[in-house]
Amino acid sequence: MSLCLSFSKTGNPADVLELIERPLAPLTGHEVRVHMRYAPINPADLNFIEGTYGRAAHPPAVPGHEACGEVEEVGPLVTSLQKGDVVIPLLGTGCWSQHLTAAELHFAKLPPGIDRVQAAMLRVNPVTAWHLLKKYVPVTEGEWVAQNAANSGVGRALIQIAKGLGIRTVNFVRRAELIPELLALGADFVFIDDEGGLAAAKQMLKDEKITLATNAVGGDSAIRLMDLLSPGGSLVTYGAMSRRSLKVPNKFLIFKNLQLHGLWISRWFEESGTAELAEVLEPLTKMVAHGEIVTAVDEIFPITDFRKAILRAQEGGRSGKVILDLA
Numbered sequence: 001m002s003l004c005l006s007f008s009k010t011g012n013p014a015d016v017l018e019l020i021e022r023p024l025a026p027l028t029g030h031e032v033r034v035h036m037r038y039a040p041i042n043p044a045d046l047n048f049i050e051g052t053y054g055r056a057a058h059p060p061a062v063p064g065h066e067a068c069g070e071v072e073e074v075g076p077l078v079t080s081l082q083k084g085d086v087v088i089p090l091l092g093t094g095c096w097s098q099h100l101t102a103a104e105l106h107f108a109k110l111p112p113g114i115d116r117v118q119a120a121m122l123r124v125n126p127v128t129a130w131h132l133l134k135k136y137v138p139v140t141e142g143e144w145v146a147q148n149a150a151n152s153g154v155g156r157a158l159i160q161i162a163k164g165l166g167i168r169t170v171n172f173v174r175r176a177e178l179i180p181e182l183l184a185l186g187a188d189f190v191f192i193d194d195e196g197g198l199a200a201a202k203q204m205l206k207d208e209k210i211t212l213a214t215n216a217v218g219g220d221s222a223i224r225l226m227d228l229l230s231p232g233g234s235l236v237t238y239g240a241m242s243r244r245s246l247k248v249p250n251k252f253l254i255f256k257n258l259q260l261h262g263l264w265i266s267r268w269f270e271e272s273g274t275a276e277l278a279e280v281l282e283p284l285t286k287m288v289a290h291g292e293i294v295t296a297v298d299e300i301f302p303i304t305d306f307r308k309a310i311l312r313a314q315e316g317g318r319s320g321k322v323i324l325d326l327a
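Heads up, the sequence shown is in UniProt numbering, so the first residue is 1 and it goes up one at a time.
Printed below as a string of structure tokens:
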């Protein structure tokens with residue numbers, strides 16, 4: 001038997017989640033059983049349980065978009081994995097479980113010595129940040145990228161990845177106390193996300209070009225990023241933290257010819273082939289293993305304290321990710 005978190009109806013995660021026990025079936029063919037170790041609680045996980053995510057939940061369902069674990073058993077036809085291998089699931093959901101069984105192609109093998117907690121947070125935020133930097137505009141060493149929500153999981157990953165690639169970042173946050181820690185993380189400049197911060201960024205940049213800006217907020221914050229972009233630049237929207245629509249002033253389309261894109265990393269995972277997944281995961285895995293991408297952790301809760309973990313993840317002012325210890 002194995003424990004997992006499940007919900008039979010959508011709603012407030014702290015109310016609808018239940019810790020249940022379910023049997024472990026014998027493995028067949030290419031199936032692999034992974035003993036899951038750690039899983040972060042992401043906003044997408046909470047939205048999925050609430051029924052407000054881009055993909056509808058079909059309860060009863062096990063949530064959890066990412067995690068890390070070790071292979072416990074393999075089916076008779078498995079060739080790419082063996083018992084003891086460290087892996088992360090590539091499935092869209094179902095990670096908040098002590099055991100996860102799926103075909104071997106749905107797992108990515110990681111180096112044996114990698115930090116399991118950090119590895120559990122590899123699939124979503126670092127992959128999103130890498131995609132933002134690599135898939136829309138060719139940004140090269142020494143050039144600038146701007147972003148709002150720079151203290152978010154994706155924002156922090158983007159700062160660290162950009163630093164490793166020699167790309168410079170202009171970052172916007174809502175609270176001044178976040179500025180020193182983002183500068184210590186490798187950000188080149190950090191400003192408050194308001195009109196004063198925009199003016200300061202423009203003064204700092206002078207005639208420097210910014211061809212890429214990443215938007216996780218929407219509303220006025222996105223307009224400020226568009227104002228900062230150089231003519232012909234691209235704005236990539238991957239979140240809407242303000243819950244305000246993206247309204248584009250006509251002048252940015254007519255006179256600046258800005259390009260607008262949207263990114264939902266879950267869809268990219270669904271549509272990507274094995275080679276494309278490997279192309280992205282390989283360099284990111286090395287960066288995580290070498291400590292070049294470090295995701296801050298607020299608190300780790302055992303799976304039996306899942307309600308405390310959910311409530312903590314819903315609070316503002318945390319110092320990092322809330323993690324479920326699934327063992």
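In this text, a Cβ means the ideal position worked out from N, Cα and C, and glycines have one as well.
Run of the beta strand (DSSP E) containing residue i, from where it starts to where it stops
{"i": "P283", "result": "Careful: P283 lies outside any beta strand (DSSP E), inside the alpha helix (DSSP H) at T274 to A289."}
{"i": "I254", "result": "Segment N250 to I254 is the alpha helix (DSSP H) holding I254; no beta strand (DSSP E) there."}
{"i": "T167", "result": "Here residue 167 turns out to be Ile, not Thr, going by the sequence shown. Taken as a continuous stretch (DSSP letters only), I167 belongs to no beta strand (DSSP E), as it is neither H nor E."}
{"i": "E202", "result": "Residue identity check: residue 202 is Lys in the sequence provided, not Glu. K202 -> not in any beta strand (DSSP E); alpha helix (DSSP H) instead, spanning E195 to L205."}
{"i": "A120", "result": "First-last for A120: R116 to A120, but that is the alpha helix (DSSP H), not the beta strand (DSSP E)."}
{"i": "S234", "result": "S234 to T237"}
{"i": "A213", "result": "I210 to N215"}
{"i": "D325", "result": "K321 to D325"}
{"i": "L5", "result": "S2 to F7"}
{"i": "V190", "result": "F189 to I192"}
Cβ shell of residue i (< 8 angstroms), same chain only, five flanking positions each side left out
{"i": "D15", "result": "none"}
{"i": "G142", "result": "G166, I167 and R168"}
{"i": "T274", "result": "L105"}
{"i": "I265", "result": "V124, V127, T128, H131 and Y238"}
{"i": "E18", "result": "L5, S6, F7 and S8"}
{"i": "A100", "result": "The sequence shown places Leu at residue 100, rather than the Ala named in the question. Cβ within range, chain order: R33, V34, M36, A67, G69, P89, L91 and G94."}
{"i": "E270", "result": "G92"}
Simplified DSSP assignment, three categories, for residue i
{"i": "H261", "result": "strand"}
{"i": "W96", "result": "coil"}
{"i": "P13", "result": "helix"}
{"i": "Q82", "result": "coil"}
{"i": "N42", "result": "coil"}
{"i": "V71", "result": "strand"}
{"i": "P302", "result": "strand"}
{"i": "L158", "result": "helix"}
{"i": "V127", "result": "helix"}
{"i": "H106", "result": "helix"}
{"i": "E292", "result": "coil"}
{"i": "N148", "result": "coil"}
{"i": "R267", "result": "helix"}
{"i": "E50", "result": "helix"}
{"i": "L133", "result": "helix"}
{"i": "A57", "result": "coil"}
{"i": "L91", "result": "coil"}
{"i": "R175", "result": "coil"}
{"i": "L19", "result": "strand"}
Chain-order list of residues whose beta-carbon lies under 7 angstroms from that of residue i (same chain, five-residue window excluded)
{"i": "G219", "result": "S242 and R244"}
{"i": "P112", "result": "V86"}
{"i": "S152", "result": "A216"}
{"i": "P23", "result": "M1"}
{"i": "H106", "result": "P89, L90 and L91"}
{"i": "Y136", "result": "L212, S234, V236 and H261"}
{"i": "A176", "result": "I192"}
{"i": "G164", "result": "M287 and E292"}
{"i": "K308", "result": "F301"}
{"i": "I114", "result": "V86, V288 and A289"}
{"i": "D325", "result": "Y38, I300, F301, P302 and I303"}
8 angstroms contact criterion, which residue i and residue j should meet: CB distance rounded
{"i": "H30", "j": "A108", "result": "Not quite, the Cβ-Cβ distance comes to about 15 angstroms (not below 8 angstroms), so this is no contact."}
{"i": "L258", "j": "G233", "result": "6 angstroms"}
{"i": "V190", "j": "I179", "result": "4 angstroms"}
{"i": "P13", "j": "I310", "result": "5 angstroms"}
{"i": "A213", "j": "L229", "result": "5 angstroms"}
{"i": "L263", "j": "V127", "result": "Actually they do not touch by this definition, with Cβ atoms about 11 angstroms apart."}
{"i": "Y53", "j": "A44", "result": "6 angstroms"}
{"i": "L133", "j": "L158", "result": "7 angstroms"}
{"i": "S221", "j": "F301", "result": "The pair is not a contact, with the Cβ atoms about 32 angstroms apart (cut-off 8 angstroms)."}
{"i": "W144", "j": "K206", "result": "Actually they are not in contact, since the Cβ atoms of W144 and K206 sit about 11 angstroms apart, beyond 8 angstroms."}
{"i": "V74", "j": "L3", "result": "Not really, about 22 angstroms apart at Cβ, beyond 8 angstroms."}
Span of the alpha helix (DSSP H), counted from its first residue to its last, around residue i
{"i": "P180", "result": "I179 to L185"}
{"i": "A222", "result": "G219 to L228"}
{"i": "V139", "result": "Looking at the DSSP string, V139 is not in any alpha helix (DSSP H), and its letter there is neither H nor E."}
Residue i beta carbon near the ligand MN (any heavy atom closer than 8 angstroms)
{"i": "P23", "result": "This structure lacks the ligand MN; in fact it carries no ligand of any kind."}
Beta-carbon contacts of residue i that lie in its chain and below 6 angstroms, excluding the five residues immediately before and after
{"i": "R224", "result": "L198"}
{"i": "L46", "result": "P13"}
{"i": "I49", "result": "F7, P13 and P63"}
query = Are the region 244-260 and the region 88-106 in contact at 8 angstroms, needing three or more beta carbon pairs?
reply = no
inquiry  = Quick test of the definition: if touching needs 3 or more C-beta pairs under 8 angstroms, does the region 69-85 touch the region 288-298?
reply    = no
task = Specify whether the region 304-322 and the region 275-293 touch according to this definition: at least 3 beta carbon pairs, one from each stretch, less than 8 angstroms apart.
result = no
task = Check whether the region 174-188 touches the region 115-132, counting contact only when three or more Cβ pairs, one atom from each stretch, lie closer than 8 angstroms.
result = no
key: Inter-stretch contact (C-beta, 8 angstroms, three-pair minimum) for the region 3-12 and the region 47-67   = yes
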